[in-house]
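Okay, so the sequence shown: first residue is 27 according to the numbering used here, each after it adds one. Cβ coordinates follow ideal geometry from the N, Cα and C atoms, glycine included.
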Amino acid sequence: MKPLNILVLHGPNLNLLGTREPKTYGSESLDDINQSLQALGLGLNADVQCFQSNHEGALVDAIHQARLDDVDGIIINPAAYTHTSIALRDALLAVQIPFIEVHLSNVHAREAFRHTSRLADIASGVIAGFGSHSYHLALRGLIQHNKEYQ
Ligand code: CA2
């Protein structure tokens with residue numbers, strides 16, 4: 027069977043993972059997380075491509091490109107754009123690719139401004155609070171979702 031094509035998008039400041047705020051975001055680097063996701067994907071017959079940007083427009087462009095590349099599902103940690111970005115919402119609505127919103131921290135146990143998301147209500151699922159494992163849970167969830175709803 028053809029592997030599923032999965033795109034993982036990381037938003038602003040996540041390139042700093044492993045260098046600061048380990049109590050909130052863990053000690054793994056973004057490269058560690060990407061490599062472990064790709065390894066998990068291999069075992070689940072999923073081809074995992076990862077992209078990080080600090081720029082909203084670059085993330086919008088990556089979402090548009092995903093449609094052209096026949097991406098089957100998107101895992102996105104929009105970071106601070108979670109709480110602000112109508113542009114990311116519109117892009118995800120436009121491409122109609124199932125996606126899971128992911129957070130390392132439990133945003134609901136943090137400041138009130140992190141309790142709202144511009145994306146959550148149009149996501150297939152939301153996972154928060156499990157550190158880097160949130161991404162692994164999202165990959166398993168997205169693969170299962172694809173089997174059920176394709
Ligand atoms: O918990 C998450 O995954 C967040 O998406 C992380 C965002 C935050 O704005 C969201 O509310 C929740 C912040 C990412 C900042 O990443 C850093 C990583 C290392 C050091 C400093 C910041």
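Residues close to the ligand CA2 by the beta carbon criterion (under 6 Å to any non-hydrogen atom) are, from first to last along the chain, 39, 40, 42, 43, 46, 47, 51, 103, 105, 106, 108, 129, 130, 131, 133, 140. In the structure shown, the three-state DSSP call for residue 132 is coil. The region 87-100 makes no contact with the region 50-57, as fewer than three CB pairs between them are under 8 Å. Under the 8 Å Cβ criterion, the region 83-93 does not count as touching the region 61-69, having fewer than three qualifying pairs. Residue 151 has 126 as its beta-bridge partners, per DSSP. Residue 109 has no beta-bridge partner at all, per DSSP. Judged by pairs of C-beta atoms under 8 Å, the region 145-158 touches the region 120-130, as three or more such pairs exist. Excluding the 5 residues flanking it on each side, residue 132 has same chain C-beta neighbours closer than 8 Å at 154, 155, in chain order. In the DSSP secondary-structure assignment, residue 74 is bridged to 32. Classified as exposed, residue 65 has fewer than 16 neighbouring CB atoms from the shown chains inside 10 Å of its CB.
One Cα belongs to residue 86, the other to residue 40, and the distance between them is close to 17 Å.
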